[in-house]
Amino acid sequence: MELYRIKGGKRLFGTYKLSGAKNAVLPILAATLLSGAESRIVNCPDLSDTEAMFRLLRQTGCSVRREGEAAVVNSNILRSSELSASLMNSMRSSVFLLGPLLARCGQVTLSDPGGCNIGVRPIDFHLNALKQMGAEIVKKESALVCRAQKLRGADLRLPFPSVGATENLLMAAVFAEGETRIRNAAREPEIVDLQNFLKTCGAEIRGAGSGEILVRGTETPLQDAEYSVMPDRIEGGTILLAAAAAGGDVLIENAVPGHLMSLLSLLERSGCEIQRESGSVRLKAAERLRAAGYVETRPYPGFPTDLQSPFLTVMSLADGQTEIRETIFENRFKAAEQLKRMGARIEIKGQRASVTGVEKLSGARVRAQDLRGGAALVLAGLAAEGETIVENICHIDRGYDKFEVALSHLGAEIERMKE
Ligand code: EPZ
Numbered sequence: 003m004e005l006y007r008i009k010g011g012k013r014l015f016g017t018y019k020l021s022g023a024k025n026a027v028l029p030i031l032a033a034t035l036l037s038g039a040e041s042r043i044v045n046c047p048d049l050s051d052t053e054a055m056f057r058l059l060r061q062t063g064c065s066v067r068r069e070g071e072a073a074v075v076n077s078n079i080l081r082s083s084e085l086s087a088s089l090m091n092s093m094r095s096s097v098f099l100l101g102p103l104l105a106r107c108g109q110v111t112l113s114d115p116g117g118c119n120i121g122v123r124p125i126d127f128h129l130n131a132l133k134q135m136g137a138e139i140v141k142k143e144s145a146l147v148c149r150a151q152k153l154r155g156a157d158l159r160l161p162f163p164s165v166g167a168t169e170n171l172l173m174a175a176v177f178a179e180g181e182t183r184i185r186n187a188a189r190e191p192e193i194v195d196l197q198n199f200l201k202t203c204g205a206e207i208r209g210a211g212s213g214e215i216l217v218r219g220t221e222t223p224l225q226d227a228e229y230s231v232m233p234d235r236i237e238g239g240t241i242l243l244a245a246a247a248a249g250g251d252v253l254i255e256n257a258v259p260g261h262l263m264s265l266l267s268l269l270e271r272s273g274c275e276i277q278r279e280s281g282s283v284r285l286k287a288a289e290r291l292r293a294a295g296y297v298e299t300r301p302y303p304g305f306p307t308d309l310q311s312p313f314l315t316v317m318s319l320a321d322g323q324t325e326i327r328e329t330i331f332e333n334r335f336k337a338a339e340q341l342k343r344m345g346a347r348i349e350i351k352g353q354r355a356s357v358t359g360v361e362k363l364s365g366a367r368v369r370a371q372d373l374r375g376g377a378a379l380v381l382a383g384l385a386a387e388g389e390t391i392v393e394n395i396c397h398i399d400r401g402y403d404k405f406e407v408a409l410s411h412l413g414a415e416i417e418r419m420k421e
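With the working numbering as the guide, the letters of the sequence shown map in order to residues 3 to 421.
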């Protein structure tokens, strides 16, 4: 097992360049199944989740190779549309293959993607909408067999602006008969990136980023494409929160301020100085952070659930009381127990965390239990007095590309070690 050893108390200074967005590249990689051609995905981050997606694509028959910063996928020959339980369980985002494989092959067998550490994460919104588009879905033992000779365009309304369901249905609709409208669609920037990739391949889609997306089904095969993935706004938010926690002055050279509006206003409310340029964001940390009062996670453009745990760390160090309500996932306060071992004062009641800020956290041996909760523990270690050991950093490797290298570049004392 690998772990991080962090010597706290070092402020962060310098310039940081974001990697390509994990939550954009995963659906885009799945969408390469639609084209039957060669897709060159530039700015593809090197994560265990992207490696897992490469394995899934190879399992269906695609050839996938890395060329430096790019992933090159050729999907002209598909051998299988069976998504094995082991691969499905290796990564929840395997559910993104359902839409494109159904559109391309007419049949998909997938095991229940199962929940994960942060929640049950059902896929009922995906399945109900695909049935509305004419798919026949039957349960066979622990697998789901989905069939559709040809999907029909439909007027869909999501019960909740689910990111994954919006993306899956957008992909499924590309070759459907006629038009598909997705109402109450999720508005995340990663969905705009997926739309833009598919338009580069020749698909006819518009409206991503608004609550309503229109896809005009096409008979024309999609063509070769080269596409550069958007910068990772969640990585950017994590780095800004790291500087707020540890102190210092950090410039993120390729951040899109518009993607982080809710976080930036919270950081200003907490006393940090934020400079927004068209393609960069700079944060000067407050000498002493102020508590943010009441905060709740919301679908985009609200405060993102993926930054809730790193924000919990920062509020543990802020002067005063902060209430954080998690409205997206049912089990996303796992970092709190570990932060309390470092001296944080956090009380969890259901979907609410009550945080009473303290002057200082103390280094301790803690354990990552999910991706963003693990990042929150690293931020706490950067700010704490003394040494912190973060175990189980495989969770962090799922979503941050060489996290310790990037933080060391900003002046942090952090090293990756084998247990
Ligand atoms: C995506 O997950 C992201 N993952 C998550 O990031 C992110 O936290 C989440 O969107 C919300 O922004 C990727 O993009 C790969 P949802 P997704 O469908 O699509 C419920 C990270 O840390 N729901 O918007 O799974 C669901 O249980 C990860 O990078 C249903 O009930 O999220 C949840 O409570 C974590 N039925 C809520 O909706 C469904 O059919 C939002 O889920 C689908 C979802």
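C-beta atoms are modelled at their ideal positions from N, C-alpha and C, and glycine is treated no differently.
Sub-7 Å separation of residue i and residue j beta-carbons
i: Phe-305; j: Ser-264; result: yes
i: Arg-183; j: Asp-157; result: yes
i: Leu-384; j: Ala-244; result: yes
i: Gly-204; j: Ala-178; result: no
i: Leu-112; j: Ala-32; result: no
i: Ala-150; j: Gly-108; result: yes
i: Ala-382; j: Leu-409; result: no
i: Leu-153; j: Gly-180; result: no
i: Ile-326; j: Ala-338; result: no
i: Phe-405; j: Gly-250; result: no
i: Ala-346; j: Ser-272; result: no
i: Ile-254; j: Gly-239; result: no
i: Lys-336; j: Gly-375; result: yes
i: Lys-196; j: Ile-30; result: Reading off the sequence, residue 196 comes out as Leu, not Lys. Cβ atoms of Leu-196 and Ile-30: closer than 7 Å.
i: Ala-386; j: Met-317; result: no
i: Val-368; j: Val-392; result: yes
i: Leu-5; j: Glu-415; result: no
i: Ala-246; j: Val-283; result: no
i: Asn-76; j: Glu-192; result: no
i: Thr-390; j: Ile-8; result: yes
i: Thr-329; j: Val-357; result: no
i: Glu-206; j: Arg-185; result: no
i: Asp-399; j: Asp-48; result: no
Beta bridge counterpart(s) of residue i as assigned by DSSP
i: Met-419; result: Leu-5
i: Thr-222; result: Partner(s): none; Thr-222 has no beta bridge.
i: Thr-358; result: Gln-323 and Arg-347
i: Arg-292; result: Asp-321
i: Ala-370; result: DSSP output for Ala-370 lists no bridge partner at all.
i: Ser-212; result: Ala-210
i: Gln-277; result: Arg-284
Span of the beta strand (DSSP E) around residue i
i: Val-407; result: Per DSSP, Val-407 belongs to no beta strand (DSSP E); it is in the alpha helix (DSSP H), 405-411.
i: Ala-227; result: 227-230
i: Gln-323; result: 323-327
i: Lys-141; result: 138-142
i: Val-258; result: That residue, Val-258, is in no beta strand (DSSP E); it is neither H nor E in DSSP.
Distance cut-off 6 Å: residue i Cβ against heavy atoms of the ligand HEM
i: Val-165; result: This structure lacks the ligand HEM; its bound ligands are the ligand EPZ.
Segment limits, alpha helix (DSSP H) that includes residue i
i: Gly-383; result: 373-385
i: Lys-342; result: 337-342
i: Thr-390; result: Taken as a continuous stretch (DSSP letters only), Thr-390 belongs to no alpha helix (DSSP H), being part of the beta strand (DSSP E) at 389-393.
i: Thr-240; result: 235-248
i: Leu-314; result: 310-318
i: Phe-56; result: 50-62
i: Ile-330; result: Careful: Ile-330 lies outside any alpha helix (DSSP H) and carries neither H nor E.
i: Val-194; result: 191-203
i: Val-75; result: Segment 72-76 is the beta strand (DSSP E) holding Val-75; no alpha helix (DSSP H) there.
i: Arg-400; result: First-last for Arg-400: undefined, no H or E at that position.
i: Ser-267; result: 263-271
CB-CB length for residue i against residue j, believed under 8 Å
i: Glu-71; j: Asn-45; result: 6 Å
i: Ile-236; j: Leu-309; result: 6 Å
i: Lys-12; j: Gly-413; result: 5 Å
i: Leu-262; j: Cys-274; result: Not quite, the Cβ-Cβ distance comes to about 13 Å (not below 8 Å), so this is no contact.
i: Leu-103; j: Leu-35; result: 6 Å
i: Pro-301; j: Pro-163; result: 5 Å
i: Ser-82; j: Gly-101; result: Ser-82 to Gly-101, Cβ: 17 Å. No contact.
i: Ala-145; j: Met-93; result: With 8 Å as the limit, Ala-145 and Met-93 do not qualify as a contact, their Cβ atoms being about 17 Å apart.
i: Thr-222; j: Val-176; result: 10 Å between Cβ atoms; not a contact.
| Which runs of the alpha helix (DSSP H) fall wholly inside the stretch 102-182 and span at least 4 residues, in chain order? | Listed in chain order, the complete alpha helix (DSSP H) runs (minimum 4 residues) inside the stretch 102-182 are 126-134 and 165-174.
| task | Within the stretch 8-48, note down every full alpha helix (DSSP H) run reaching 4 residues or more, in order along the chain. | result | As far as the stretch 8-48 is concerned, its whole alpha helix (DSSP H) runs of at least 4 residues are 24-37.
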